[in-house]
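The structure under discussion appears below in the form of structure tokens.
There are 2 protein chains.
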Amino acid sequence: MATGPMATVRDVAAMARVSISTVSRALSAPDMVNEVTRQRVIDAARELDYRPNPAARGLRVGKTNNLGLLIPDLENPFFASVTKGVQSRARAAGYAVFVADSDEDPAQEIELIGNLATQVDGIILASPRAPSQDILDATAGKTVVMLNREVGDIPSITIDNADGVLQAVSHLRALGHRTIAYASGPVHSWSGEERRKGMVAVAEQFPDLTVVQLGNFRPYFSGGYPAADIAVASSATAVIAYNDLMALGIIDRLRQRGISVPDDMSVVGFDDVPVASLVSPALTTIQIPLAGLGRRGVDLLVERLEGAVDVTTRSEVPVELIIRNSTSVPAASPAASTP
Amino acid sequence: MATGPMATVRDVAAMARVSISTVSRALSAPDMVNEVTRQRVIDAARELDYRPNPAARGLRVGKTNNLGLLIPDLENPFFASVTKGVQSRARAAGYAVFVADSDEDPAQEIELIGNLATQVDGIILASPRAPSQDILDATAGKTVVMLNREVGDIPSITIDNADGVLQAVSHLRALGHRTIAYASGPVHSWSGEERRKGMVAVAEQFPDLTVVQLGNFRPYFSGGYPAADIAVASSATAVIAYNDLMALGIIDRLRQRGISVPDDMSVVGFDDVPVASLVSPALTTIQIPLAGLGRRGVDLLVERLEGAVDVTTRSEVPVELIIRNSTSVPAASPAASTP
DNA sequence: ATGAAAGCGCTAACAG
DNA sequence: CTGTTAGCGCTTTCAT
């Protein structure tokens, strides 16, 4: 760093009275060097608090041992959790991670991919917002894995959106709901589209159900307000939101209008971000193992970096319905019998 | 990166038919090179999508242009926001940032400081948990700035905790509260101690007030439960929590026990994390400019890195009371007149 | 088992 | 204005 001049191989070599190559070996190839010499080097290294300069090593070896993580917004608890998972797994695997926040800006994303690429061995793209073609161009020739989205042949880890929607609907249906609303996320959201399609599929699967599409809303708390109003205007007794943040907004708006959740309206979220369990009513939601998603992303990336070329390129993580207090039997439902 | 072999100065030099030093100059020293040659280099560089290898440059120049950020927990919205601020400002200043999450583990912190130090020009320590002496040792000779804590002579940016507490108490007092409880954070928390001391000072300042110290609680949602129970057992009509998360827990526990907030008990948080405005009742809290804290941290660090040695070493950012819906006049207060 | 030397990609003297 | 050269700290042949 700035003040204390870092010790280099040369310093250690001098103190241990060996050549610099012996220092290098003693520290990495445990057994290519005489036991006693090695100890001398180790001691000198410790004494000087010597740490190999990663940049220098990287330059020589052609590998930085750094990973890049690109996310749309750190203040979105979804990505905070994913980042946390990436962080810890990367460290365990011996990588440091550059985190870049694109602020939901597709253009920034593309630029950041280029920046990151100069300093890392591989990049994790979490829910990138940019158009597929732009991503394809920007990542050409780079080692990249994608989280929560699929584009082209880029290795990816996604979540089982269809099953999530199915679980949510099944839950609601079992409670007695027959008209269920769905509040979509942004039009261009990949996972949003997946979930919307899932809703359509589920609707076909249950002929006794009426599924009403409320429209597209911003995937934040604020997006829940218009969604709630439209839901109320519909005949739905339950609403599934694109994500937890939106679900929270829906609940808040409902409360403002004197509509009780879950008594008058059931609400289901998606993601199970940490805050979902801290609000009241606690949110029934589809749990995505967010930190796990991050960890698996690192695993996949590291595999491609160090291992075989043809490892599995796409996988999907399961989701699980977490029933809390924002769902119950519909107000005047015949199925509303509490044993 | 992995597949596409990155172009180097040499490639660009070849294509532009100049020497490598001319390439280097054309790209950094705009006017040390002939206009037309320069353009040839620029073109070649663009053609090859050339990007100087930061590691190589860093090695040569003795500056990485990377910053390290160490935080206790990314899933804590406090740090997510700080990180976001650091991120954006660092990028604007031409730095990439390594983010390291210590998982609230003091030992990890010390180790991570050492790891980070090998790859960065400077480090930002956000609310480190380790003992002062350990931090002093680990950062000796390194360029470091600290956020939300002071130790030794390390340059720091803190917040005006005393004023925050004062604003909270004044607000409550104005509403008519006369017995106010304070739920402290962890014993070893620096800011926790600052706020506790602030409460004591405020208590002395207002002779008509009774301040009851509830004890020390975990600075999370869960810590709010015991705090709430003790608050209820006391005669306080309002409680100020160490932070927003704890305040949320207090409110939740109060609700469980059928105690209405703010009607039966007022609650004030601290930090104004994003979720504070999304819950119901929306939390009255002391707002800390969290992202701003991160940005100022970068500014201070970069100043020390690039500028004079004796820039201001300690500063404090102001806080502001945000009045929302978790506070009101006390239940049976004589001051309870709504005009 | 150890040392000498080359070279990763880059910038900064130092010539010219 | 431009080219040659050295060297940042490290690992890795290649000798010995």
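First to last, the protein sequences are chains X and V. Quick note, in the UniProt record's numbering, the first sequence goes up one by one and the last residue is 339. Quick note, in the UniProt record's numbering, the second sequence goes up one by one and the last residue is 339. All C-beta atoms in this analysis are idealised placements derived from N, C-alpha and C, irrespective of residue type, glycine included. All values reported here derive from a predicted model rather than from experimental measurement.
Within its own chain, the residues whose Cβ lies closer than 8 angstroms to the Cβ of F221 of chain V, once the five positions on either side in sequence are excluded, are L245, M246, L248, G249 and D252, listed in chain order.
Among the residues of the stretch 85-102 of chain X, those with a Cβ less than 8 angstroms away from any Cβ of chain V are Q87, S88, R91, A96, V97, F98, V99, A100 and D101, in the order of the chain. In the three-state reduction of the DSSP assignment, S170 of chain X falls in the helix class, which pools H, G and I. Below 8 angstroms, too few C-beta pairs join the stretch 312-323 of chain X and the stretch 80-94 of chain X to call them touching: fewer than three. In this structure, the straight-line span from the alpha carbon of P52 of chain X to that of D11 of chain V is close to 29 angstroms.
Beta-bridge annotation (DSSP): S266 of chain V is paired with V:A238. Interface flag for A14 of chain X against chain V is unset, since no Cβ pair is found closer than 8 angstroms. Looking at V:R25, V:S170 and V:D137, the one whose alpha-carbon comes closest to that of V239 of chain V is V:S170. When the Cα atoms are used, D299 of chain X and R324 of chain V turn out to be separated by approximately 44 angstroms. Taking V18 of chain V as reference, the option from V:V41, V:I259 and V:I110 with the minimal CA-CA separation is V:V41. With a 10 Å radius around the Cβ and a threshold of 16 neighbouring Cβ atoms, G307 of chain V comes out exposed.
For the pair P128 of chain V and Q119 of chain X, the Cα-to-Cα distance works out to about 27 angstroms. A Cβ of chain X is located within less than 8 angstroms of the beta carbon of F221 of chain V. For a cut-off of 8 angstroms, the C-beta gap from F270 of chain X to N243 of chain X is around 5 angstroms, short enough to register as a contact. Under the DSSP assignment, Y182 of chain V falls in the beta strand (DSSP E) whose first and last residues are T179 to S184. In this model, E109 of chain X and D121 of chain X are separated by some 18 angstroms (Cα to Cα).
Taking a Cβ-Cβ cut-off of 7 angstroms, the neighbours of E75 of chain X in chain V comprise A80, S81, K84 and P274, given in sequence order. For G215 of chain V, the beta-bridge partners assigned by DSSP are V:A183. G114 of chain X has its alpha-carbon roughly 43 angstroms from the corresponding atom of S280 of chain X.
Annotated three-state conformation of V151 of chain V is coil, per DSSP.
Taking R46 of chain X as reference, the option from X:A56, X:A26, X:V61 and X:V200 with the minimal CA-CA separation is X:A26. The shortest C-alpha to C-alpha distance from V268 of chain V to any of V:R295, V:S328 and V:A291 is the one to V:S328.
For the pair V151 of chain V and K142 of chain V, the Cα-to-Cα distance works out to about 14 angstroms. Counting of Cβ neighbours within 10 angstroms places N34 of chain V among the exposed residues, the total staying below 16.
For the stretch 197-211 of chain X, the set of positions with a beta-carbon nearer than 7 angstroms to some beta-carbon of chain V is empty. One finds L278 in chain V with Cβ atoms closer than 7 angstroms to the Cβ of L248 of chain X, taken in chain order. Residue burial is scored here from C-beta neighbours: D153 of chain V has fewer than 16 other C-beta atoms within 10 angstroms and is therefore classed as exposed. The C-beta of R178 of chain X comes no closer than 8 angstroms to any C-beta of chain V. Bridge partners of R314 of chain X according to DSSP: X:S156.
Taking each of V:P5, V:L116, V:D229 and V:T22 in turn and checking the Cα distance to M265 of chain V, the smallest one comes out for V:D229.
For the stretch 56-132 of chain X, the full-length beta strand (DSSP E) segments reaching 3 residues or more read 66-71, 96-101 and 122-126 along the chain. Residues of the stretch 112-134 of chain V whose Cβ lies closer than 9 angstroms to any Cβ of chain X, in chain order: L112, G114, N115, L116, A117, T118, Q119, V120, D121, G122 and I123. Collapsing the DSSP output to three states places I322 of chain V in a strand. Counted as a single uninterrupted DSSP element, the stretch harbouring T284 of chain X is not any alpha helix (DSSP H) but the beta strand (DSSP E) occupying residues T284 to Q287. Here M6 of chain X carries a coil assignment [DSSP, helix/strand/coil].
DSSP places V144 of chain X in the strand class (E or B) of the three-state scheme.
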